[in-house]
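Participant: So the sequence shown is numbered by numbering that gives the first Met the number 0: it starts at 0 and just counts up by one. For glycine and all other residues, C-beta sits at the position ideal for the given N, C-alpha and C. Here the structure is a predicted model, which is why all the values come from computation and not from measurement.
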Amino acid sequence: MSELNATAAALLGLLHDGPATGGQLVAGAGERFGAFFSVTRSQVYRELPALSKEGLVRLGKQGPRSSQQYVITAAGKKAFKTWLSSDPGPDHLRSPLILRLVHAASLTAKQRTALLDSARATYTQELDEAKASTKAAEDPYAKAVSEFAQAHAKAAIKLLESIPQA
């Protein structure tokens, strides 16, 4: 693994907090970066063996129901630090909502309304959560990320409000 992908880097970053199972990594990713970087269960379970093969993580204790902990290695810490300090390149927005809106003409009026209502509810909830996260943030970087999450949710709501009701 000559260069870490963002998902692998996210997992190594989470493992800096201590050993974790795949399920704990999925939950931790949702809690820590859910508003701006999604990590699916299948991505986690695809990345962990690759990270192990490269010597960036090692197997830890076996847990209940055959769950397996992973522990970051010194090489993993070094690879993460290298990734963290490298040029991030361009951001890529992958929004299932935007993709659906681009193709919304293929939906019925009822389906479009349901899509907009659902998205509005989701982004309103994300905005509320980001506001709470901003208030609770003590670290200036965490606060800036929470403020970004607020701005993103507000932009999405503004987009949804700009679409005429059909």
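What residues in its chain sit with their C-beta under 8 Å from that of Gly59, if we drop five residues either side in the sequence?
Facilitator: Indexing the sequence shown from 1 puts residue 59 at position 60. Excluding residues within five positions, the ones whose Cβ falls inside 8 Å are Pro18, Gln67, Gln68, Tyr69, Val70.
Participant: According to DSSP, is Val144 part of a helix, a strand, or is it coil?
Facilitator: Taking the first residue of the sequence shown as position 1, residue 144 is located at position 145. Three-state DSSP puts Val144 in a helix.
Participant: One question on the structure: do Ala9 and Val56 come within less than 8 Å of each other, judged by their Cβ atoms?
Facilitator: Mapped onto the sequence shown, residue 9 falls at position 10. Mapped onto the sequence shown, residue 56 falls at position 57. In this structure, Val56 does not lie closer than 8 Å to Ala9 by Cβ.
Participant: Between Val25 and Ser105, what straight-line distance do the alpha-carbon atoms span, to the nearest angstrom?
Facilitator: Residue 25 sits at position 26 when you count from the first residue of the sequence shown. Residue 105 sits at position 106 when you count from the first residue of the sequence shown. Approximately 34 Å, taken between the alpha carbons.
Participant: For Ser51, which option in Leu14, Pro63, Val144, Thr121 has the closest C-alpha, if you only look at C-alpha atoms?
Facilitator: The residue labelled residue 51 in the question sits at position 52 within the sequence shown. Of Leu14, Pro63, Val144, Thr121, the residue nearest in Cα terms is Leu14.
Participant: Using alpha carbons as the reference points, say which of Leu100, Ala143, Gly21, Leu126 lies closest to Ser41.
Facilitator: Taking the first residue of the sequence shown as 1, we reach residue 41 at position 42. When each option's Cα is compared against that of Ser41, the closest is Gly21.
Participant: Assuming the contact rule is C-beta atoms closer than 8 Å, Gln149 and Lys130 should be a hit. Round their C-beta distance to whole Å, please.
Facilitator: Here residue 149 corresponds to residue number 150 of the sequence shown, with the count starting at 1. Here residue 130 corresponds to residue number 131 of the sequence shown, with the count starting at 1. Indeed, because the Cβ distance is near 6 Å, the residues count as touching under 8 Å.
Participant: For Gly33, which of helix, strand or coil comes out of DSSP?
Facilitator: Counted from its first residue, the sequence shown places residue 33 at position 34. DSSP places Gly33 in coil when its eight states are reduced to three.
Participant: From the DSSP output, in three-state form, read off Gln67 for me.
Facilitator: As a working note, residue 67 is residue 68 in the sequence shown. Gln67 falls in the strand class under three-state DSSP.
Participant: Below 8 Å on the Cβ atoms is my contact criterion, and I expect Leu3 with Trp82 to pass it. Report the Cβ-Cβ distance as a whole number of Å.
Facilitator: In the sequence shown, the residue the question calls residue 3 occupies position 4. In the sequence shown, the residue the question calls residue 82 occupies position 83. That pair is a contact at about 4 Å.
Participant: What residues are listed by DSSP as bridge partners for Leu10?
Facilitator: The residue given as residue 10 occupies position 11 in the sequence shown. Answer by DSSP bridge pairing: none, since Leu10 is not bridged.
Participant: When the Cα of Val144 is compared with those of Gly12, Leu96, Gly33, Ser84, which residue comes out closest?
Facilitator: In the sequence shown, the residue the question calls residue 144 occupies position 145. Of the candidates Gly12, Leu96, Gly33, Ser84, the one whose C-alpha sits nearest the C-alpha of Val144 is Gly33.
Participant: Using three-state DSSP, classify Val56 as helix, strand or coil.
Facilitator: For this step, residue 56 is matched to residue 57 along the sequence shown. Three-state DSSP puts Val56 in a strand.
Participant: Note the first and the last residue of the continuous alpha helix (DSSP H) segment covering Gln110.
Facilitator: In the sequence shown, counting from the first residue as 1, residue 110 sits at position 111. It spans 108 to 135 - the alpha helix (DSSP H) in which Gln110 sits, taken as one unbroken run.
Participant: Less than 8 Å separating the beta-carbons of Lys153 and Leu114?
Facilitator: Reading the sequence shown from its first residue, position 154 is the one you call residue 153. Reading the sequence shown from its first residue, position 115 is the one you call residue 114. 8 Å or more divides the Cβ of Lys153 from the Cβ of Leu114.
Participant: Does the distance from the CB of Ile162 to the CB of Arg119 come in under 8 Å?
Facilitator: Start at 1 with the first residue of the sequence shown, and residue 162 comes out as number 163. Start at 1 with the first residue of the sequence shown, and residue 119 comes out as number 120. Not in contact: Ile162 and Arg119 (Cβ atoms no closer than 8 Å).
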